[in-house]
Amino acid sequence: MADKAVDSSEEEEPTISEDVVVTKYKMAGDMANRVLAKVIASAVANSSSRSICDLGDKLILEETNKVYKKEKEMKKGIAFPTCISVNNCVCHFSPLESEPDITLNDGDLVKIDLGVHIDGFIAVVGHTIVVGASKENKITGRKADVLQAAYLASEVAYRMVKPGTENNAITDLVQKVADSFHCKPVEGMLSHQLGKMIDSEYAIEDEKIKEILAQSASRKTQKKKKKKASSKASDATADSKEEAD
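Heads up: the sequence shown runs through residues 1 to 245, numbered per UniProt numbering.
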């Protein structure tokens with residue numbers, strides 16, 4: 001019985017009833033907001049989505065490296081990579097070096113999201129902007145409609161998330177807000193419950209990530225080989241025709 005009690009206590013996850021947990025959440029939140037402000041400032045016309053993503057991730061690491069320096073075993077840093085999703089791309093666009101980049105243009109609708117963690121306690125932030133918009137150059141038309149709808153829907157959801165509220169009630173209200181602006185909620189977008197996620201059963205292990213990246217690289221290599229072989233075959237056909245002439 002004693003052994004079981006010990007095992008049970010070891011599995012218990014720290015909660016916000018502990019001051020140290022609240023402190024870590026607050027730290028992560030403050031850092032995320034500071035990084036977000038700098039990322040927003042860098043999202044201007046002719047800037048590269050990849051370079052902005054790199055900047056955001058770099059800033060997150062710089063911020064988290066400033067705290068708990070003596071805690072060598074404590075994990076901290078990027079909880080969710082910086083993503084710059086443009087126009088019809090809904091979210092989670094954070095291109096690898098091997099993938100095509102996107103250059104921002106005036107008038108682009110840009111969704112920014114990123115996450116920071118301190119000891120596994122996560123803060124995620126997101127913001128949507130229109131490139132080139134300002135007090136003098138106001139957002140109008142359908143872009144203004146969808147931005148206002150998203151803002152009000154998030155405010156409704158924020159106020160509704162409390163004990164006793166069912167998910168369906170929040171979904172219905174989000175739908176009503178969207179309808180009032182003649183917009184549609186994006187299907188498949190979910191809210192996630194956050195706990196101390198690092199090293200949890202829900203986290204993707206490093207080896208799994210490596211495996212996914214290796215498979216992706218292998219597919220790209222195979223495509224390049226096929227393209228090269230096809231090009232050589234075309235050249236050989238062209239040479240044969242010249243010889244025949």
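Even glycine gets a Cβ: it sits at the ideal position worked out from N, Cα and C.
Remember, predicted model here, so these are calculated numbers, not experimental data.
Can the beta-carbon of residue 279 be found less than 9 Å from the beta-carbon of Ala37? The requested residue 279 is not part of the displayed model; the chain covers only 1 to 245.
So, is Leu96 buried or exposed, given that buried needs 16 or more other C-beta atoms within 10 angstroms? exposed
Do Gly132 and Leu114 come within 9 Å of each other at the CB atom, strictly closer than that value? no
Compute the Euclidean distance between the alpha carbons of Ala203 and Val177, then round it to the nearest angstrom. Residue confidence for Ala203 is low, a pLDDT of 39 falling below 50, so the modelled location carries little weight; the figure read from the coordinates is stated next. Whole-angstrom Cα-Cα distance: 34 Å.
Note the first and the last residue of the continuous alpha helix (DSSP H) segment covering Cys53. Ser49 to Thr64
For the beta strand (DSSP E) that contains Lys38, what are its first and last residues? Run containing Lys38: none in the beta strand (DSSP E); it sits in the alpha helix (DSSP H), Asp19 to Ser42.
Whole angstroms is fine: what's the gap from Asn46's alpha carbon to Ile102's? The straight-line gap from Cα to Cα measures roughly 9 Å.
Which of the three DSSP states is assigned to Thr221 in this structure? helix
I need the straight-line Cα distance from Asn88 to Leu109, nearest angstrom please. Rounded to whole angstroms, Asn88 to Leu109 spans 8 Å at the Cα level.
Whole-number beta carbon distance between Val130 and Gly164, since they are thought to touch under 8 Å: About 37 Å; that fails the 8 Å criterion.
I need the boundaries of the beta strand (DSSP E) containing Lys76, first residue and last residue. Lys76 to Val86
Is the separation between the beta-carbon of Lys111 and that of Ile84 shorter than 9 Å? It is a contact, given that the beta carbons lie within the stated cut-off.
In the structure shown, what three-state DSSP assignment does Thr128 receive? strand
Considering Cα atoms alone, identify which of His92, Leu104 and Thr82 is closest to Ala43. Leu104
Helix, strand or coil at Lys143 according to DSSP, with G and I counted as helix: Here Lys143 sits in helix by DSSP.
With a threshold of 16 other CB atoms inside 10 Å of the CB of residue 258, please say whether the residue is buried or exposed. Residue numbering for the chain in the displayed model covers 1 to 245; residue 258 lies beyond these limits and cannot be assessed.
Looking at the structure shown, is Thr171 part of a helix, part of a strand, or coil, going by DSSP? helix
His117 lies in the beta strand (DSSP E); which residues open and close that run? Leu109 to Ile118
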